[in-house]
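Residues in the sequence shown are numbered from 55 upward in steps of one, following our numbering.
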Amino acid sequence: MKLLKNDYILIITTIILLFILYYLLKSIDNNGLLYNKESLLTKICRKEHSEDNPNYKFRLLLNEKLYVKEFNQKYLPEMNYSKNLFVFDNPDELYSIQHNLPEKYVIKYSIGTGRNIVVDSKIPIDNLVERCKLMIDEVTNHNTNPHESLCYDIVSKTRKPKFLIEEYIGDNLTDYKFYYVNGKYIFLLIMGDRYSGVKGIEKGSKEGEKGHIVYYTTYDDKGKLSNKIYHAGKNLNYKDPPFQLPNNFEKMKNYCQKFCDLTKINFVRIDFYEVNGEVYFGEYTFVPNLCIHKLNTKYEKYIVDKYNLKV
């Protein structure tokens, strides 16, 4: 088939446009404006969460809130964490202890995430009992929460799930979230204003985060401020002015390093708070954002080369 003059023009035009698109994308990438949803962090996180991982059940156990405190007390005894005020099996037991509760406190279920109840205002006891019963239903529902229900099935064979009431350590605390891969500090994600203005039964839960903007800031592996590392998701904006590094930045990293050296876990996010100048432990998270990590492509290349990261 003989090509016409217009065909040649179309081919040449297409080639030119492809070259322009290539250099445009390369320029955007070089300027740190592209994010990779299927980043190496995403792949490593997924691989680590595989049931084939020898650490799989141990990682699930470290999501059990009472076990975590026992673990930290044994291996990181110098680290602060919220004290338990009451531990009970059945939500109805709240009725018998309600008059012994402080003015402010936090209710958690030992298995599951994102369903805490921060009681810093008057909440009817019936509502608290009902919400605790709903927690059990949500965590054990295999249809709507397969990850949590699997965790429940495995962990509950060795640890009976319980409710715990913790001391209240502050309002709208700033979260310092340290990402570690293969025992190396990769970056710090700081989040604040998560429950700004939220009152009632949903404060402390994923539902409580809805309806307002949550602000965050990121720092690279050298502790340098950068807003081109991580895309934390919808309804999340970079803070302006940015959140500052915690005063206990190095101490927090030391705790993280001790944990990684001890457990040999290859992917973890470790959360802390600062309360009255002291470090308070938050949680170990092994499947943050369901292992979807939109990492800046330029920063991804940097850490892959620097730390020789591989899936």
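Yeah, the Cβ is synthetic: ideal placement off N, Cα and C, and Gly gets one too.
Whether residue i touches residue j by CB criterion (9 Å)
i	j	result
D225	I244	no
E184	P145	yes
T271	Y292	yes
C99	F340	yes
Y89	T351	yes
L139	F125	no
I219	I151	yes
I177	I255	yes
Y222	V160	yes
L290	L95	no
Y334	Y135	yes
V282	Y353	Correcting the residue identity first, residue 282 is Lys in this sequence and not Val. Contact: yes.
F217	Y163	yes
S259	I171	yes
Close Cβ partners of residue i (< 6 Å) along its chain, the five nearest in sequence each way excluded
i	result
D174	K158
V193	I165, G166, E202, Y206
V252	G262
C314	Y234, G237
L120	S164
Assigned exposure category for residue i - 16 Cβ within 10 Å defines buried
i	result
T198	exposed
K211	exposed
L242	buried
F297	buried
K257	buried
H347	buried
P342	buried
S93	buried
Three-state class that DSSP yields for residue i in the structure shown
i	result
Y239	strand
D229	strand
K162	strand
N302	coil
V358	helix
H347	strand
V172	strand
F217	strand
N134	strand
I177	coil
E92	strand
Y222	coil
L116	coil
L139	strand
Sequence-distant residues of the same chain with beta carbon closer than 7 Å to residue i, five excluded per side
i	result
G336	D229, D325, F326, Y327
E147	none
N320	I98, E102, V235, N236
I357	I240, D275, L363
Y129	L316
N302	E328, V333
L299	Y273, G277
Q311	none
Nonlocal neighbours in the same chain, by C-beta distance under 8 Å from residue i, ignoring five residues either side
i	result
K307	F232, Y239
L64	none
K360	D275
I267	D247, N289, L290, N291
S250	N226, H266
L344	H201
I179	L148, Y149, Q152
- Task: Enumerate, from N- to C-terminal direction, the unbroken alpha helix (DSSP H) stretches of 4 or more residues contained entirely within the region 249-294.
- Result: 260-263
- Query: Which runs of the alpha helix (DSSP H) fall wholly inside the region 300-338 and span at least 4 residues, in chain order?
  - Reply: The qualifying runs are 303-317.
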